[in-house]
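Have a look at the structure below before the remarks.
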RNA sequence: GGCGCCAUAGCCAAGUGGUAAGGCACGGGUCUGCAAAACCCUCACCCCCAGUCCGAAUCUGGGUGGCGCCUCCA
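Numbering (this note's numbering), first residue to last: 6 to 466.
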C-alpha cells in the first residue's frame, strides 16, 4: 500500500508504527461559518481513507478537531451579539448536521480547542521551560523558530526562504518575524482563560499539537489536512510538538487538494463559496461524493456548472441498471472477487478513488450488455459493486427510490399526458401534422416526449 | 522575491520504464414519419529541448506555461 508523503515528496510504502494499528489525525474546521464544499471534501477524504484502512484489517483511531476559539469567531460574535462560545457551539451543531446529511462518518475522537485548554497551557509552559518559547511583556507567548533547526522541513523551505516571504507587520516583541503565537493575551471583551501569562487564549497552531498529544500521546501514523495548511499551520505543529516531545509528530503527512469554482479559488472575498447545505438541497449525497471522488484527492477540483449534474446523471444511469436487473428477475446476491480486487488495487495506490470510480463505467457497460442480451448472470457482480463501493458511500440507496427522488420522471400534469395520448393517436393514423403540433405544445410546456418500442415516455426537460 | 505543486485529446481525468483507462462533447451508424432516448463504432504518440535506456507520458537536466503557499483558510 502506497501513500504520498508530503514530508518526503514521494509515494512511500505504508508501514504503520505499530503493527496492525493506525492512528490518524486530520485538521478540522474553524467554526466561524457554515461548512463549504471544501470542508466536505476534506472530511469525506479522510473518512474514506479511514474506512479503507479498516477494510485492510487495521485497527484505526481517527481523530478530528474543531477550532472553536479564534479571531474570526470573536469577530462573528461581536457582529451578531451572540457570545463567542455559544456561537461556536451552534455552528458545530449546524456543521455536524450537514455532514450527517452528506453521510460522512464521524471520527472516533472529536476534539475541541476549548476543551483542551489545560493541555495547551501545559504544552506552552513546557516549551517556555525548554527554551523554545518566550513570553512577552504584553502577555503573549511566541515560539522561537530559530531554536528549532529543522523548521521548514514539511514545506521544504529553510528559515531564510521563509523569512524572504514575510510581508505582514510584525509584533515588535517578536525576536524573529516568523515566530508565531502560542498564546494570545486577551483584549477587553474577548473570551479568555487564566494562564501563567495572564488572561488569554491559545494560538491556532498549538491547539492541534496539544489535541494530538491528548488523543494519541506521541508519534502518530498519519496527519492530514488541506494543502493550504502545509505552511504555516502544519509546519508550526511539527516545530511545537517535536521541540516539546523530541519525537516526530507524524510519520506520514497527507494533504488533499483544494476546491476551485470555475477556475477561481473559493474564497469569501470573491463571494464564490459553495456551501454544503446548498449542494445538499440540490443534489443527492451520493452525487456529491461521486463528483468529489472522481479526482485523486491530491489534485484540486474545479467545480464547473456541469460537475454535479453530470455526476448525478451517471448515478441515475448506474441505478437504472439495478432497476433493470430487478425487473428482469435477477437476484442481486453473491460475490465477484475481480471487482473487489480491482478496487483494492486502485486504493492501494495512494487511495486512487478516481480509478476505482472509472472502473464502474466499465462494469455497468458490461452488465447492461448482458442484461439486454438475455444473460442474467450478473447478480453477483451487482451485489459486489454495492458492497465494495459502499466504502466510498455509493450505492447505499434503493435503486427505485433514488430514481424516484433524483430522476427526471416527475409527476406529469394530466394535460401533458392527454396531449401525448392524442399525439400517439395521430401518429397511428399517420396524421403527422397534428402529431407535430401536439409535440410542439408539449415541448413548449417544458416536457419531452420520447417514442420507443413500447409506446412513449414523458420527461421534464 | 522565496518555496512548493502541476502540465495527458475540445473539456474533465487515470496511468511512475514496454508502445495511452474512463467520462462529457463531436463525428459516423442502427432504430425512427420526424425528433429524442437507447445501443454500436470512431476520436491523443502525452507543453518544448536535450540526455539516460534495447525501450520513457513515465527517469535526469534545462526551458516555457498555469496554480498554490509565504496573512485566516479544508
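Just so you know, even glycine gets a beta-carbon here, dropped at the ideal spot from N, CA and C.
Could you tell me the distance, in whole angstroms, from the CA atom of residue i to the CA atom of residue j?
| i | j | result |
| --- | --- | --- |
| residue 455 | residue 323 | 21 Å |
| residue 358 | residue 298 | 6 Å |
| residue 237 | residue 114 | 25 Å |
| residue 260 | residue 48 | 12 Å |
| residue 447 | residue 435 | 19 Å |
| residue 120 | residue 27 | 24 Å |
| residue 181 | residue 361 | 48 Å |
| residue 244 | residue 154 | 9 Å |
| residue 87 | residue 343 | 56 Å |
| residue 122 | residue 301 | 37 Å |
| residue 353 | residue 306 | 22 Å |
| residue 168 | residue 215 | 26 Å |
| residue 431 | residue 465 | 22 Å |
| residue 445 | residue 413 | 20 Å |
| residue 421 | residue 108 | 38 Å |
| residue 76 | residue 198 | 15 Å |
Mind checking which residues open and close the beta strand (DSSP E) that includes residue i?
| i | result |
| --- | --- |
| residue 265 | 264-266 |
| residue 18 | 15-18 |
| residue 308 | 306-308 |
| residue 113 | Looking at the DSSP string, residue 113 is not in any beta strand (DSSP E), and its letter there is neither H nor E. |
| residue 229 | 225-231 |
| residue 187 | 185-190 |
| residue 368 | First-last for residue 368: 358-377, but that is the alpha helix (DSSP H), not the beta strand (DSSP E). |
| residue 69 | 64-72 |
| residue 343 | Segment 342-353 is the alpha helix (DSSP H) holding residue 343; no beta strand (DSSP E) there. |
| residue 84 | Premise fails: residue 84 lies in the alpha helix (DSSP H), 76-85, not in any beta strand (DSSP E). |
Hey, quick one: how far does the alpha helix (DSSP H) through residue i stretch, first residue to last?
| i | result |
| --- | --- |
| residue 319 | 312-332 |
| residue 408 | 404-411 |
| residue 433 | 419-433 |
| residue 213 | 209-221 |
| residue 56 | 42-60 |
| residue 442 | 437-449 |
| residue 284 | 281-287 |
| residue 240 | 240-250 |
| residue 130 | 122-134 |
| residue 31 | Premise fails: residue 31 lies in the beta strand (DSSP E), 26-35, not in any alpha helix (DSSP H). |
| residue 140 | Where residue 140 is concerned, there is no enclosing alpha helix (DSSP H), although the beta strand (DSSP E) it sits in stretches over 138-140. |
Compare the C-alpha of residue i against each of the options and name the closest.
| i | options | result |
| --- | --- | --- |
| residue 162 | 355, 255, 240 | 240 |
| residue 207 | 125, 42, 107 | 125 |
| residue 150 | 242, 313, 411 | 242 |
| residue 53 | 428, 226, 419, 294 | 294 |
| residue 137 | 101, 92, 185 | 185 |
| residue 39 | 83, 100, 257, 263 | 100 |
| residue 383 | 347, 335, 350 | 335 |
| residue 452 | 425, 394, 95 | 425 |
| residue 351 | 227, 440, 96, 365 | 365 |
| residue 418 | 463, 377, 277 | 463 |
| residue 202 | 139, 232, 251, 327 | 139 |
| residue 404 | 420, 363, 387 | 387 |
| residue 283 | 373, 42, 33 | 42 |
| residue 226 | 25, 460, 433 | 25 |
| residue 317 | 83, 231, 256, 408 | 408 |
| residue 328 | 440, 212, 423, 373 | 373 |
Exposed or buried, which one is residue i when buried takes at least 16 other CB atoms within 10 Å?
| i | result |
| --- | --- |
| residue 275 | exposed |
| residue 129 | buried |
| residue 15 | exposed |
| residue 132 | buried |
| residue 13 | exposed |
| residue 287 | exposed |
| residue 70 | buried |
| residue 194 | exposed |
For residue i versus residue j, is the C-beta distance shorter than 8 Å?
| i | j | result |
| --- | --- | --- |
| residue 73 | residue 118 | yes |
| residue 44 | residue 234 | no |
| residue 368 | residue 390 | yes |
| residue 246 | residue 218 | yes |
| residue 229 | residue 68 | no |
| residue 248 | residue 179 | no |
| residue 57 | residue 21 | no |
| residue 106 | residue 399 | no |
| residue 330 | residue 376 | yes |
| residue 159 | residue 393 | no |
| residue 263 | residue 308 | no |
| residue 7 | residue 346 | no |
| residue 224 | residue 187 | no |
| residue 36 | residue 97 | yes |
| residue 200 | residue 143 | no |
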